[in-house]
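*Asks:* Encoded as structure tokens, here's the structure I'll be asking about.
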Ligand code: NAP
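In my numbering, the protein residues as written are 14 to 480.
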């Protein structure tokens with residue numbers, strides 16, 4: 014409606030990547046009204062479950078059939094290696110839609126216990142119009158985490174992707190239409206967060222906002238909901254996840270888990286293992302091994318190079334923010350073990366080498382702030398009590414891990430870490446059957462698993478008396 018566009022700059026080389034429609038409030042009004050009309054008509058909500066499943070399965074197949082195109086678009090927008098886009102992002106997006114497609118004809122309601130003359134149905138009903146607001150770090154993955162359960166439950170969705178990653182969101186919607194999803198059920202409005210994102214979150218006819226992004230914006234979203242129509246809110250926010258390594262651990266396995274856990278996707282991962290809590294006696298040996306693994310396995314290269322394991326950061330401003338945080342940390346007394354510097358500047362792209370820093374304490378800014386770049390902060394500890402105390406001394410509670418060969422301790426510590434996911438002797442393993450999300454200021458509500466469906470539904474009791 015605005016006729017305006019903005020230019021997306023490619024992180025891989027700093028060159029223009031395309032013109033994106035800069036939506037306005039009128040576009041959000043149109044999209045919400047189209048979503049409401051589709052919901053009220055029952056064209057999707059009341060469709061036979063088997064038919065819904067077939068459409069969603071066709072959609073998953075179309076995503077797979079367009080894997081190379083989608084991977085390239087995702088890489089142009091985000092600067093992540095095209096091989097990662099292909100083998101991780103596109104694959105998981107298709108698998109997610111398939112997982113929830115399969116659920117369409119397997120969701121049951123309840124009959125509550127009553128006397129013989131009554132029948133009480135406890136129905137799980139869709140909420141209506143869902144606004145999804147998503148970030149740029151894993152665009153398709155996080156979008157399908159919301160679209161899969163919201164649509165399987167029978168809702169309509171209006172998606173506002175991050176302004177940095179609009180391309181695949183638009184393609185996902187086109188493929189959904191091709192698969193047979195009725196018009197109005199899934200809408201995309203591209204544009205700026207403070208414009209269309211805010212308009213969606215403030216809209217009086219939106220029943221829920223499913224948000225993934227920073228804690229700062231998550232707080233705004235709650236405020237918008239509170240000051241408008243009390244729409245529900247689910248928030249998947251930031252993290253500063255601790256990975257604890259005890260002296261008895263398999264240090265090779267721990268080093269590999271830390272390096273991949275922190276540096277994968279250039280550290281632009283909400284649950285990245287950015288805080289390494291290492292038992293004092295093994296700190297140096299562990300950091301030496303992390304350096305070896307990083308040099309051997311985590312190749313930083315142009316994202317279109319098939320050998321690249323990590324690529325560029327999302328944009329110039331973010332590159333500056335990451336480097337500023339590193340500089341501030343050094344001024345506070347942190348010591349650089351290796352890396353954490355701008356590289357490949359001649360390409361025009363936004364590349365930072367994986368870096369490891371010793372923090373003066375768990376209170377140092379490098380140990381507390383979410384940097385969202387390939388920066389690992391190392392903090393030594395003495396004993397189990399201190400490890401758990403440091404791990405939990407953070408605003409966040411998204412993920413954590415413990416490495417030890419003492420299984421009693423592993424289970425004790427994993428119970429005590431306040432986080433939505435805790436790994437033992439591994440990192441970042443998951444599948445669609447496990448819920449994902451945070452405690453504390455990492456948000457609330459869970460993506461993935463059968464439980465994600467509940468978020469997009471409410472219970473409705475229908476009580477009947479027989480005479
Ligand atoms: P962000 O700045 O919070 O943006 C997230 C989304 O919110 C974008 O679509 C953005 O639009 C929109 N937005 C910004 N201001 C808004 C406003 N006032 N009203 C409504 N919408 C608004 O986060 P990001 O930089 O894209 O992503 C990085 C953050 O996401 C990190 O903190 C990371 O930890 C978190 N994250 C969490 C998870 C999880 O599952 N817990 C997963 C991935 C990422 P624009 O792009 O146009 O500004």
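Just so you know, even glycine gets a beta-carbon here, dropped at the ideal spot from N, CA and C. These figures come from a predicted structure and were not determined experimentally.
Going by beta carbon distance, what residues of the same chain come within less than 7 angstroms of residue 429, once the five residues before and after it are set aside?
*Replies:* Here residue 429 refers to the residue found at position 416 of the chain shown. Taken in chain order, the residues that qualify are 401.
*Asks:* Can you say whether residue 293 is buried or exposed, counting buried as having 16 or more other CB atoms within 10 angstroms of its CB?
*Replies:* Residue 293 sits at position 280 when you count from the first residue of the chain shown. It is exposed - the Cβ of residue 293 has fewer than 16 other Cβ atoms within 10 Å.
*Asks:* From which residue to which residue does the beta strand (DSSP E) around residue 471 run?
*Replies:* Sequence index remark: in the chain shown, residue 471 carries index 458 (1-based). 470–478 is the span of the beta strand (DSSP E), which, as asked, contains residue 471.
*Asks:* Tell me the DSSP bridge mates of residue 146?
*Replies:* For the purposes of this step, residue 146 is identified with residue 133 of the chain shown, where counting begins at 1. The partner list for residue 146 (beta bridge, DSSP) reads 173, 224.
*Asks:* Which same chain residues, not among the five before or five after residue 474, have their C-beta less than 8 angstroms away from its C-beta?
*Replies:* Here residue 474 refers to the residue found at position 461 when the chain shown is read from its first residue. So the qualifying residues of the chain are 125, 133, 134, 135, 136.
*Asks:* Got a sec, what are the start and stop residues for the beta strand (DSSP E) residue 111 sits in?
*Replies:* Residue 111 sits at position 98 when you count from the first residue of the chain shown. Careful: residue 111 lies outside any beta strand (DSSP E), inside the alpha helix (DSSP H) at 104–116.
*Asks:* Between the alpha carbons of residue 144 and residue 299, how many angstroms are there, rounded?
*Replies:* Your numbering for residue 144 matches position 131 in the chain shown. Your numbering for residue 299 matches position 286 in the chain shown. Distance between the alpha carbons of residue 144 and residue 299 is about 44 angstroms.
*Asks:* Could you please give the first and the last residue of the uninterrupted alpha helix (DSSP H) stretch that includes residue 405?
*Replies:* For the purposes of this step, residue 405 is taken as residue 392 along the chain shown, with counting starting at 1. It spans 397–405 - the alpha helix (DSSP H) in which residue 405 sits, taken as one unbroken run.
*Asks:* With DSSP run on the structure shown, which of helix, strand or coil describes residue 317?
*Replies:* Within the chain shown, numbered from 1, the residue matching residue 317 stands at position 304. In the structure shown, residue 317 sits in coil (DSSP, three-state: anything other than H, G, I, E or B).
*Asks:* From the DSSP output, in three-state form, read off residue 72 for me.
*Replies:* As a working note, residue 72 is residue 59 in the chain shown. Helix, per DSSP.
*Asks:* Cα separation between residue 426 and residue 404?
*Replies:* Residue numbering aside, residue 426 sits at position 413 when the chain shown is read from its first letter. Residue numbering aside, residue 404 sits at position 391 when the chain shown is read from its first letter. Their backbone Cα atoms lie some 10 angstroms apart in a straight line.
*Asks:* Which value, in whole angstroms, describes the spacing of the CA atoms of residue 364 and residue 381?
*Replies:* Counting from one through the chain shown, the residue named residue 364 turns up at place 351. Counting from one through the chain shown, the residue named residue 381 turns up at place 368. When rounded, the distance between both Cα atoms is 23 angstroms.
*Asks:* Just to check, is the beta-carbon of residue 148 closer than 7 angstroms to a non-hydrogen atom of the ligand NAP?
*Replies:* Here residue 148 is taken as the residue at index 135 of the chain shown, counted from 1. Residue 148: yes, Cβ under 7 angstroms from the ligand NAP.
*Asks:* May I ask you to check if the CB of residue 468 is nearer than 7 angstroms to at least one heavy atom of the ligand NAP?
*Replies:* The count along the chain shown starts at 1 and reaches residue 468 at position 455. Because no heavy atom of the ligand NAP lies under 7 angstroms away, the Cβ of residue 468 does not count as near it: no.
*Asks:* Kindly list the residues whose CB is nearer than 6 angstroms to the CB of residue 181, restricted to its own chain and excluding five residues on each side of it in sequence; keep chain order.
*Replies:* The residue given as residue 181 occupies position 168 in the chain shown. Excluding sequence neighbours, residue 181 sits near 83, 86, 87, 152, 153.
*Asks:* What's the gap between the Cα of residue 355 and the Cα of residue 366?
*Replies:* What you label residue 355 is simply residue 342 of the chain shown in a count that begins at 1. What you label residue 366 is simply residue 353 of the chain shown in a count that begins at 1. Using only the alpha carbons, I get a separation of about 6 angstroms.
*Asks:* Can you grab the Cα-Cα spacing for the pair residue 295 / residue 95, in whole Å?
*Replies:* Here residue 295 refers to the residue found at position 282 of the chain shown. Here residue 95 refers to the residue found at position 82 of the chain shown. Going by the C-alpha atoms only, they are around 36 angstroms apart.
*Asks:* Assess contact between the region 246–254 and the region 456–470, defined as three or more Cβ pairs (one per stretch) separated by less than 8 angstroms. Is contact present?
*Replies:* Proximity of the region 246–254 to the region 456–470 meets the contact definition, three or more beta-carbon pairs being nearer than 8 angstroms.
*Asks:* Given 7 angstroms as the limit, tell me if residue 269 has its C-beta closer than that to any heavy atom belonging to the ligand NAP.
*Replies:* Within the chain shown, numbered from 1, the residue matching residue 269 stands at position 256. Incorrect: residue 269 has no Cβ contact closer than 7 angstroms to the ligand NAP.
*Asks:* With respect to 7 angstroms, is the separation between the Cβ of residue 387 and the closest non-hydrogen atom of the ligand NAP below this value?
*Replies:* One-based indexing of the chain shown puts residue 387 at position 374. Not so, every heavy atom of the ligand NAP lies at least 7 angstroms from the Cβ.
*Asks:* Rounded to whole angstroms, how far is the Cβ of residue 455 from the Cβ of residue 251, which I believe are closer than 8 angstroms?
*Replies:* As a working mapping, residue 455 is identified with position 442 in the chain shown. As a working mapping, residue 251 is identified with position 238 in the chain shown. The C-beta distance from residue 455 to residue 251 rounds to 6 angstroms, short enough to meet the 8 angstroms contact threshold.
*Asks:* With a threshold of 7 angstroms, establish whether the CB of residue 225 neighbours any heavy atom of the ligand NAP.
*Replies:* Walking along the chain shown from the start, residue 225 turns up at place 212. For the ligand NAP, at least one heavy atom lies less than 7 angstroms from the Cβ of residue 225.
*Asks:* Can we count residue 177 as close to the ligand NAP, meaning its CB is less than 7 angstroms from some heavy atom?
*Replies:* Residue mapping note: residue 177 aligns to position 164 of the chain shown, counting from 1. Yes, the ligand NAP has a heavy atom inside 7 angstroms of this Cβ.
*Asks:* Within its chain, find whatever has a CB closer than 7 angstroms to the CB of residue 439; leave out the 5 residues flanking it on each side and keep chain order.
*Replies:* Within the chain shown, the letter at position 426 stands for residue 439. Contacts found: 270.
*Asks:* On the DSSP bridge assignment, give the partners of residue 349 in chain order.
*Replies:* Walking along the chain shown from the start, residue 349 turns up at place 336. In DSSP, residue 349 forms a bridge with 370.
*Asks:* Give the DSSP-derived three-state secondary structure of residue 419 in the structure shown.
*Replies:* Sequence index remark: in the chain shown, residue 419 carries index 406 (1-based). Reduced to three states, the DSSP call for residue 419 is coil.
*Asks:* What I want to know is whether the C-beta of residue 455 ends up closer than 7 angstroms to one or more non-hydrogen atoms of the ligand NAP.
*Replies:* Here the question's residue 455 lines up with position 442 in the chain shown. Yes, since a heavy atom of the ligand NAP falls inside the 7 angstroms radius drawn around the Cβ of residue 455.
*Asks:* In this structure, does DSSP put residue 181 in helix, strand or coil?
*Replies:* The residue you call residue 181 lines up with position 168 of the chain shown. Of the three classes helix, strand and coil, the one that applies to residue 181 here is helix, per DSSP.
*Asks:* Taking 8 angstroms as the threshold, find out whether the region 213–220 comes into contact with the region 37–52 through three or more Cβ pairs.
*Replies:* yes
*Asks:* From the DSSP output, in three-state form, read off residue 440 for me.
*Replies:* If you number the chain shown from 1, residue 440 lands on position 427. Correct three-state label for residue 440: coil.
*Asks:* Should the region 167–182 be called in touch with the region 338–350, which here means at least 3 C-beta pairs below 8 angstroms?
*Replies:* no
*Asks:* Taking DSSP as the reference, what is the three-state secondary structure of residue 93?
*Replies:* As a working note, residue 93 is residue 80 in the chain shown. Reduced to three states, the DSSP call for residue 93 is coil.
*Asks:* The alpha helix (DSSP H) that contains residue 157, what's its start and end?
*Replies:* The residue you call residue 157 lines up with position 144 of the chain shown. Counting along the chain, the alpha helix (DSSP H) containing residue 157 begins and ends at 152–165.
*Asks:* If I follow the unbroken alpha helix (DSSP H) through residue 299, where does it start and stop?
*Replies:* Here the question's residue 299 lines up with position 286 in the chain shown. Segment 296–310, the alpha helix (DSSP H) holding residue 299.
*Asks:* So that I know if they touch, is there some Cβ in chain D lying closer than 8 angstroms to that of residue 471?
*Replies:* In summary, chain D is missing from the structure at hand, where a single protein chain is found.
*Asks:* In this structure, does DSSP put residue 38 in helix, strand or coil?
*Replies:* As a working mapping, residue 38 is identified with position 25 in the chain shown. The answer is helix: DSSP assigns residue 38 an H, G or I state.
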